[in-house]
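Just so you know, we're using UniProt numbering here: the sequence shown kicks off at 4 and counts up by one. Okay, structure first, notes after.
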Amino acid sequence: HMKGAIFDLDGVIVDTAKYHYLAWRSLAGELGFPFTEEDNERLKGVSRMRSLDILLQIGSLSFGEAEKLAMAEKKNRLYVEYISGLDESELLPGVRAYLNALRARGVAIALGSASKNAEFILDKLNIAGLFDVVIDGNKVARAKPDPEVFQTACRELGLQPQDCVVFEDAEAGVAAGKAAGMQVVGIGKPEVLKAADLVISGLHEL
Ligand code: G16
Ligand code: MG
4 HMKGAIFDLD GVIVDTAKYH YLAWRSLAGE LGFPFTEEDN ERLKGVSRMR
54 SLDILLQIGS LSFGEAEKLA MAEKKNRLYV EYISGLDESE LLPGVRAYLN
104 ALRARGVAIA LGSASKNAEF ILDKLNIAGL FDVVIDGNKV ARAKPDPEVF
154 QTACRELGLQ PQDCVVFEDA EAGVAAGKAA GMQVVGIGKP EVLKAADLVI
204 SGLHEL
C-alpha cells in the first residue's frame, strides 16, 4: 500500500500553465511570431530551457547559448511577476482536503516538480507546511521523463519505489513515475495518459 505520495506541481496542485503561456507568448511576440495555447501544450512538464528550445523551433529561429539563457531569464521574470499574485484560491479542487487526508493516514508527502519556482509557489498557496520533502528543478539534473526527480523524492522520504504513488498531469511525468518503478495516478485525459495505472480528472475525485 501507499506509504508515500509524490505530487507534480503544475497541473496537479495549481494551474500555472496559463501563466507560463502568457509569459512564453510575450517572448514569442517580441521575437515576431505567434504562439498559441495548442503550442503551449507541448511545454507542459518540460524544463525551462527545453521549453525555450521548443518555442524557438516553432518560430524557426536559432540562437547561441548566452542569448538563450537571457531569453529564458526574461521569460522567467515575467512569469514570476504573473504568479506573484497567486493565493490559496487558485489551489485546484480537492488539493488541500486530499493532502490533509493523506497526512491523517500517516502517508508521507513529497513534491516532484520540474519548476525552479516551486518553493515560491507553495508559499503563495500556503501549503508548504504540508510537504515533508520538496524536490524541484533546482535539485535535479535530468528532466522528466527521466525518473531522477521522483527517485530523489522517494529516497528523501526514506521509502522504496514500490511504496510510492506519483500524481502527474503530463505524459513525460507519467513516464518518469513508471520508469522510477512507482504506481502512477494520471490527472487528465485517459487518451493522453495511457501509461498511468489510473486516470482521474482531479484530486477532488479521491
Ligand atoms: C513545470 C511546468 C512546465 C515548466 C517547468 C519549469 O513543471 O509544467 O511547463 O516549463 O515546470 O518551470 P520553471 O520555469 O518555473 O522552472 P511541473 O513538473 O511542476 O509540471
Ligand atoms: Mg505538471
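All residues carry an ideal CB built from backbone N, CA and C; glycine is no exception.
Does DSSP classify residue i as helix, strand or coil?
i           : result
residue 18  : coil
residue 182 : helix
residue 190 : strand
residue 94  : strand
residue 155 : helix
residue 62  : coil
residue 49  : coil
residue 87  : coil
residue 57  : helix
residue 130 : coil
residue 123 : helix
residue 146 : coil
residue 195 : coil
residue 67  : coil
residue 176 : helix
residue 32  : helix
residue 105 : helix
residue 81  : helix
residue 209 : coil
Taking 6 Å as the cut-off, is the beta-carbon of residue i closer than that to any non-hydrogen atom of the ligand G16?
i           : result
residue 189 : no
residue 140 : yes
residue 45  : no
residue 21  : no
residue 149 : no
residue 119 : yes
residue 48  : yes
residue 12  : yes
residue 116 : yes
residue 51  : yes
Could you check how far apart the C-beta atoms of residue i and residue j are, in whole angstroms? I think they sit under 8 Å.
i           : j           : result
residue 10  : residue 132 : That pair is no contact at about 14 Å.
residue 175 : residue 32  : Rounded, the Cβ-Cβ distance is 26 Å, inconsistent with contact.
residue 111 : residue 162 : 7 Å
residue 135 : residue 122 : Not quite, the Cβ-Cβ distance comes to about 14 Å (not below 8 Å), so this is no contact.
residue 74  : residue 30  : 6 Å
residue 127 : residue 89  : 4 Å
Give the DSSP bridge partners of residue i, in chain order.
i           : result
residue 167 : 7
residue 13  : 17
residue 137 : 114
residue 203 : 190
Let me check you understand the geometry: is the CB of residue i closer than 6 Å to at least one non-hydrogen atom of the ligand MG?
i           : result
residue 56  : no
residue 18  : no
residue 173 : yes
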